[in-house]
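Student: Once you've had a glance at the structure underneath, I'll fire off some questions.
Protein chains: 2
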Amino acid sequence: MNVGRRVDYAVRALSFLAGQPAGKIVSRADIEKCQDIPSFYLSKIMKDLVAGGLVQSHIGSKGGFSLAKLPTSISIKDVYETVERPLVLMDCLERGADYCSYCSVCTQKSIWEEAQKVLAEFLGRISINDIADRQGLKGRLVGSLQKAG
Amino acid sequence: MNVGRRVDYAVRALSFLAGQPAGKIVSRADIEKCQDIPSFYLSKIMKDLVAGGLVQSHIGSKGGFSLAKLPTSISIKDVYETVERPLVLMDCLERGADYCSYCSVCTQKSIWEEAQKVLAEFLGRISINDIADRQGLKGRLVGSLQKAG
DNA sequence: GACAAAGAAGACCTAGAGAGTCTATATTGT
DNA sequence: ACAATATAGACTCTCTAGGTCTTCTTTGTC
Ligand code: SF4
Ligand code: SF4
Numbered sequence: 001m002n003v004g005r006r007v008d009y010a011v012r013a014l015s016f017l018a019g020q021p022a023g024k025i026v027s028r029a030d031i032e033k034c035q036d037i038p039s040f041y042l043s044k045i046m047k048d049l050v051a052g053g054l055v056q057s058h059i060g061s062k063g064g065f066s067l068a069k070l071p072t073s074i075s076i077k078d079v080y081e082t083v084e085r086p087l088v089l090m091d092c093l094e095r096g097a098d099y100c101s102y103c104s105v106c107t108q109k110s111i112w113e114e115a116q117k118v119l120a121e122f123l124g125r126i127s128i129n130d131i132a133d134r135q136g137l138k139g140r141l142v143g144s145l146q147k148a149g
Numbered sequence: 001m002n003v004g005r006r007v008d009y010a011v012r013a014l015s016f017l018a019g020q021p022a023g024k025i026v027s028r029a030d031i032e033k034c035q036d037i038p039s040f041y042l043s044k045i046m047k048d049l050v051a052g053g054l055v056q057s058h059i060g061s062k063g064g065f066s067l068a069k070l071p072t073s074i075s076i077k078d079v080y081e082t083v084e085r086p087l088v089l090m091d092c093l094e095r096g097a098d099y100c101s102y103c104s105v106c107t108q109k110s111i112w113e114e115a116q117k118v119l120a121e122f123l124g125r126i127s128i129n130d131i132a133d134r135q136g137l138k139g140r141l142v143g144s145l146q147k148a149g
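Those protein sequences? They're chains F and P, same order as listed. Letter by letter, the first sequence follows residues 1 to 149 in my numbering. Letter by letter, the second sequence follows residues 1 to 149 in my numbering.
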């Protein structure tokens, strides 16, 4: 019932991209440096974000990543589901009787279904832009500090 | 970001106890049988529920468990936090800079804090009684079926 | 008092997930 | 041609979740 590093890093990477000048392409290594993400770890995450259509990749020299959508139209729920899994609180809600033999007489299932709906609705309303906006200078500042060091 | 078996079993066990006649004491093995919970697994969960003051244990022959509170005053959030951990969506919210060096310039933290609040508020409003009520007959039926089999 | 039936406590095992690191390959701008 | 870059995936390590079982202690009942 908690969110792991993949999502954390993904949100930070996307926020960072959202804070760049339009059209700017940033390399994996740069994002990692600026956002204090372990080296190379981002490669796997970015792959998912590209596959999910949230960012655009540019292979080759001077390549890198840029957002593929408006930051206002990328929700935290999108990010979560893209880099991790469908937003599901209890596995039976996704896998049914596969996961639980008690399914047919269960009465708590609907509780989790509703809780999940509440959460999904909330996270669906927050966008990367909501995070990047407030980050703005801060994010870039950290970047230059690290580059300087 | 999903709920595991411990919570599932705990909720079922508590609901089952709530559905018993007042004062009835049920053994671990019986709960396991009636609720289709793996043998012995409940012992560890019940320990936590006892320690958390949600159920009362009765050692010795003819011993077992019974609720220590009204089923209306046990929330799903209580159960979760008793058998698993504090309801926290992002670890930094609990462990601070211990967990994340980026904490000081982070802007997504507050998002998770709010999401967590929304979820906690929802789960805090659902009680074991809400689940047990609807279970009633069903729960006991499964029990007798399994005993017969 | 003896005995059986419970919980308490905790050791033990296994599979898989999460996090992180690195390399080999394909692609592309200069 | 070369350097820089994404892509793909192998690899390791540690921790957790889930499950099983054993030993000890307590207690009701005969
Ligand atoms: S008992 Fe109910 S809530 Fe639990 S896994 Fe089965 S169907 Fe889902
Ligand atoms: S970056 Fe922000 S949200 Fe992520 S762990 Fe650090 S403080 Fe928490």
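No residue lacks a Cβ here, since even glycine has one placed at the ideal position from N, Cα and C.
Can you tell me whether Met1 (chain F) is helix, strand or coil according to DSSP?
Tutor: Here Met1 (chain F) sits in coil by DSSP.
Student: DSSP puts Leu67 (chain F) in a beta bridge; with which residues?
Tutor: DSSP, once it has assigned bridges, lists F:Val55 as partnering Leu67 (chain F).
Student: Give the straight-line distance between the Cα atoms of Ile128 (chain P) and Asp36 (chain F), rounded to the nearest whole angstrom.
Tutor: 43 Å
Student: By the criterion of Cβ-Cβ separation under 7 Å, what are the contact partners of Asp91 (chain P) in chain F?
Tutor: Per Cβ cutoff of 7 Å: Asn2.
Student: Are the C-beta atoms of Ser101 (chain F) and some chain P residue less than 8 Å apart?
Tutor: yes
Student: Does the Cβ of Leu54 (chain P) have 16 or more other Cβ atoms within 10 Å, making it buried, or fewer, making it exposed?
Tutor: buried
Student: Could you check which residue in F:Ala115, F:Ala18, F:Ala13, F:Asp98 has the C-alpha nearest to that of Arg28 (chain F)?
Tutor: F:Ala13
Student: Which full runs of the beta strand (DSSP E) of 3+ residues lie inside the stretch 68-121 of chain F, going along the chain?
Tutor: When DSSP assignments are scanned along the stretch 68-121 of chain F, no uninterrupted stretch of beta strand (DSSP E) that is 3 or more residues long falls wholly within it.
Student: Taking its Cβ as the centre, do 16 or more other Cβ atoms sit within 10 Å of Cys92 (chain P), making it buried, or is it exposed?
Tutor: buried
Student: Ser75 (chain P) and Ile131 (chain P) - do their beta-carbons sit closer together than 8 Å?
Tutor: When the beta-carbon positions are compared, Ile131 (chain P) and Ser75 (chain P) stay at least 8 Å from each other.
Student: Does the beta carbon of Val142 (chain P) come closer than 8 Å to any beta carbon on chain F?
Tutor: The pLDDT assigned to Val142 (chain P) is 45, lower than 50, so where the model puts this residue is not dependable, and the model offers no usable value.
Student: Could you check if Ala97 (chain F) is buried or exposed, using at least 16 other CB atoms within 10 Å of its CB as the buried criterion?
Tutor: exposed
Student: Evaluate contact between the stretch 112-126 of chain P and the stretch 71-85 of chain P, counting only Cβ atoms and requiring at least three cross-stretch pairs below 8 Å.
Tutor: yes
Student: Using only the alpha-carbon positions, how far apart do Gly52 (chain F) and Ala68 (chain F) sit?
Tutor: 10 Å
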